[in-house]
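Using this note's numbering, you'd call the opening residue of the sequence shown number -9 and step up by one each time.
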Amino acid sequence: MDGAHAEIREAENQALLSALPKGIPEEVNSAVAAVERELLLVVARQNSASQVISEQKCEELRADKRNAQHRIAELEGTLATKSEEVHQLEHDRTKLAADLLEARNELHAAKAEIEKLSERPNEMERLFSGLRDPSMQDHIRDLLTDIIQNSLRQSTK
């Protein structure tokens, strides 16, 4: 049924077109061609403007990408530097901890030595108390006399 309606419509359309005065179809074709040309020019202008805008946007994006890559490189360099600094600080901290431990050990040893020395009489105190001892005075006098005589003999030689 649709096919029959389409044939009838096509026949009516052909009859109407053939009834047009001569020159009208050519004028309509010429007008349609002019409108088509103008429409194509409008589309071409819009396409050209869109291309320029697209190129500008692409160039902006490329510049942004270059800036981002440059910034990434800077940040990576900073990160590497900071990583080295952290590594050096860790190394220094480890060394300082070892030095501190060694200093503490030395301090403990020194305190132990001081404590040990303070518990026994001082050598000088023992010497002086020995010199004050009346039983040792004769012996000390004899030793001093020997030392002086030996010194005199050596100086006369």
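Glycine residues also receive a C-beta, built at the ideal position from the N, C-alpha and C atoms.
Please report the distance separating the alpha-carbon of residue 146 from that of residue 136. 16 angstroms
CA-CA distance, residue 27 and residue 41? 20 angstroms
Looking at residue 142: is its Cβ nearer than 8 angstroms to the Cβ of residue 130? Their beta carbons are not under 8 angstroms apart, which means residue 142 does not touch residue 130 by this criterion.
Rounded separation between residue 118 and residue 128 - CA only: 15 angstroms
Using DSSP with H/G/I as helix, E/B as strand and the rest coil, what is residue 123? coil
Whole angstroms is fine: what's the gap from residue 60's alpha carbon to residue 67's? Taking the CA atoms as reference points, residue 60 sits about 11 angstroms from residue 67.
Would you report the Cα separation of residue 73 and residue 92, rounded to the nearest angstrom? So the alpha carbons of these two residues sit roughly 28 angstroms apart.
What are the boundary residues of the alpha helix (DSSP H) that residue 15 is part of? Residues 14 to 109.
Give the secondary structure of residue 5 by DSSP, where H, G and I count as helix, E and B as strand, and everything else as coil. helix
From the DSSP output, in three-state form, read off residue 142 for me. Residue 142 falls in the helix class under three-state DSSP.
Please go through the same chain and pick out, in chain order, the residues whose beta-carbon is closer than 6 angstroms to the beta-carbon of residue -9, but skip the five residues on each side of it. Cβ neighbours of residue -9 within its own chain (closer than 6 angstroms, five residues either side excluded): none.
What's the gap between the Cα of residue 134 and the Cα of residue 140? 10 angstroms
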